[in-house]
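**Student:** Just so you know, the sequence shown maps onto residues 1032 to 1217 in our numbering.
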Amino acid sequence: MGEPTLNLEIGSIAESIREFLGGDCPPIAILTNSSLTFRDDVRRNLSTFDLVIAKLDASDNELFNSINRPVAGIELSSIISGLRRLKIEAKGKLTCQTMLLRDSILGIDNTRIENVNSLINTIKAIEFNEVFLNTPWRPPYEKHVEPLDSKKLDEIAKIFRIKLPGVEVNCYKDIKQVKVGRKTKP
1032 MGEPTLNLEI GSIAESIREF LGGDCPPIAI LTNSSLTFRD DVRRNLSTFD LVIAKLDASD
1092 NELFNSINRP VAGIELSSII SGLRRLKIEA KGKLTCQTML LRDSILGIDN TRIENVNSLI
1152 NTIKAIEFNE VFLNTPWRPP YEKHVEPLDS KKLDEIAKIF RIKLPGVEVN CYKDIKQVKV
1212 GRKTKP
């Protein structure tokens, strides 16, 4: 696994799949960590997909750097700007995927109300169609990273739903809730 937008042919691959399957082609989706959305070529490739699921866990630099640990040169402001441009340029649906977590050792917590409200404002500015909220399902590599319990996840999802009217907000509490649909040929 890796970041699919590193493959500069990913848009052509999606188009080839669509052409090969013709009218039987289900919607084609892609999950990106959003780090390269500031690049025109990456946004052009992402625009070929019916659904782009873009990762966004924080809306301030300190929290972003603590949670996502980007390589040098990747700036949150460039990601947010790129996602705004992608929303305008893409024909498909743009979904935000957010991992909610706490780190008791490093003091990282994107579930504090001020962080939640800031993230909601950023999501609103980008104009995402949908938001997926989740928390680590399996034990994380770093033992001090704490998933949210169902109650806290529901509370945060409720805030998102109130402050983002018209945006579908989904909250996955465990892997059993995720449904994968497949279109099959007769």
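Each residue gets a CB set at the ideal place from its N, CA and C atoms; glycine is no exception.
In three-state terms, what does DSSP make of residue 1215?
**Tutor:** Numbered from 1 along the sequence shown, position 184 holds the residue referred to as residue 1215. Unreliable placement is indicated for residue 1215, whose pLDDT of 41 sits below 50; the coordinate value is still reported in the next sentence. The answer is coil: DSSP assigns residue 1215 none of H, G, I, E or B.
**Student:** Near residue 1126, what residues of its chain come up, given a Cβ to Cβ distance below 8 Å and the 5 sequence neighbours on each side ignored?
**Tutor:** Translated into positions along the sequence shown, residue 1126 becomes position 95. 1082, 1083, 1084, 1085, 1159, 1160, 1161, 1162, 1163.
**Student:** How would you label residue 1048, buried or exposed, when you count the other beta carbons within 10 angstroms and need 16 or more for buried?
**Tutor:** Taking the first residue of the sequence shown as position 1, residue 1048 is located at position 17. Residue 1048 comes out exposed.
**Student:** Going by the CB atoms, is the gap between residue 1184 and residue 1150 shorter than 8 Å?
**Tutor:** What you label residue 1150 is simply residue 119 of the sequence shown in a count that begins at 1. What you label residue 1184 is simply residue 153 of the sequence shown in a count that begins at 1. The answer is no: Cβ separation not under 8 Å.
**Student:** Taking just the CA atoms, how far does residue 1056 sit from residue 1215?
**Tutor:** As a working note, residue 1215 is residue 184 in the sequence shown. As a working note, residue 1056 is residue 25 in the sequence shown. The predicted model places residue 1215 with a pLDDT of 41, which falls under 50 and marks its position as unreliable; any figure quoted below should be read in that light. Distance between the alpha carbons of residue 1215 and residue 1056 is about 10 Å.
**Student:** To the nearest angstrom, how far is the alpha carbon of residue 1203 from that of residue 1166?
**Tutor:** Residue mapping note: residue 1203 aligns to position 172 of the sequence shown, counting from 1. Residue mapping note: residue 1166 aligns to position 135 of the sequence shown, counting from 1. So the alpha carbons of these two residues sit roughly 8 Å apart.
**Student:** List the endpoints of the continuous alpha helix (DSSP H) containing residue 1117.
**Tutor:** As a position in the sequence shown, residue 1117 is number 86, starting the count at 1. Residue 1117 -> alpha helix (DSSP H) spans 1107 to 1120.
**Student:** According to DSSP, is residue 1218 part of a helix, a strand, or is it coil?
**Tutor:** The requested residue 1218 does not occur in the structure, where the chain is confined to residues 1032 to 1217.
**Student:** Ignore the nearest five residues each way along the sequence and tell me which others in residue 1037's own chain have a CB closer than 8 Å to its CB.
**Tutor:** Residue numbering aside, residue 1037 sits at position 6 when the sequence shown is read from its first letter. Correct list, in chain order: 1067.
**Student:** Could you work out which residue in 1153, 1148, 1174, 1124 is closest to residue 1189 when comparing CA atoms only?
**Tutor:** Taking the first residue of the sequence shown as 1, we reach residue 1189 at position 158. It is 1148 whose Cα lies nearest to the Cα of residue 1189.
**Student:** Check this for me: beta carbons of residue 1120 and residue 1078, under 8 Å apart or not?
**Tutor:** On the sequence shown, residue 1120 is found 89 positions in, with the first residue counted as 1. On the sequence shown, residue 1078 is found 47 positions in, with the first residue counted as 1. Yes, Cβ-Cβ distance for residue 1120 and residue 1078 is below 8 Å.
**Student:** What is the rounded straight-line gap between the Cα of residue 1092 and the Cα of residue 1156?
**Tutor:** By 1-based counting over the sequence shown, the position of residue 1092 is 61. By 1-based counting over the sequence shown, the position of residue 1156 is 125. Rounded to whole angstroms, residue 1092 to residue 1156 spans 17 Å at the Cα level.
**Student:** I'd like to know whether the C-beta atoms of residue 1042 and residue 1076 end up nearer to each other than 8 Å.
**Tutor:** Numbered from its first residue, the sequence shown carries residue 1042 at position 11. Numbered from its first residue, the sequence shown carries residue 1076 at position 45. In this structure, residue 1076 lies closer than 8 Å to residue 1042 by Cβ.
**Student:** Look up residue 1201 in the DSSP assignment and say whether it is helix, strand or coil.
**Tutor:** Residue mapping note: residue 1201 aligns to position 170 of the sequence shown, counting from 1. Reduced to three states, the DSSP call for residue 1201 is strand.
**Student:** Assign residue 1065 to buried or exposed, taking buried as 16 or more other Cβ atoms, counted over all protein chains shown, within 10 Å of its Cβ.
**Tutor:** As a position in the sequence shown, residue 1065 is number 34, starting the count at 1. By the 10 Å Cβ count, residue 1065 comes out buried.
**Student:** Suppose you measure from the CA of residue 1045 to the CA of residue 1073; what does that come to, to the nearest Å?
**Tutor:** Looking up residue 1045 in the sequence shown gives position 14. Looking up residue 1073 in the sequence shown gives position 42. Rounded to the nearest angstrom, the two C-alpha atoms are 13 Å apart.
**Student:** How many Å lie between residue 1195 and residue 1114 at the Cα?
**Tutor:** Taking the first residue of the sequence shown as position 1, residue 1195 is located at position 164. Taking the first residue of the sequence shown as position 1, residue 1114 is located at position 83. In a straight line, the C-alpha of residue 1195 is about 17 Å away from that of residue 1114.
**Student:** Among the residues of its own chain, which have a CB less than 6 Å from the CB of residue 1134, if the five just before and after it don't count?
**Tutor:** Along the sequence shown, read from residue 1 onward, the residue named residue 1134 stands at position 103. Only 1175, 1176 meet the Cβ criterion.
**Student:** Output needed for residue 1146: all residues of its chain with C-beta closer than 8 Å, excluding positions within five of it in sequence on either side, in chain order.
**Tutor:** Numbered from 1 along the sequence shown, position 115 holds the residue referred to as residue 1146. So the list reads 1089, 1090, 1091, 1094, 1140, once near-sequence residues are dropped.
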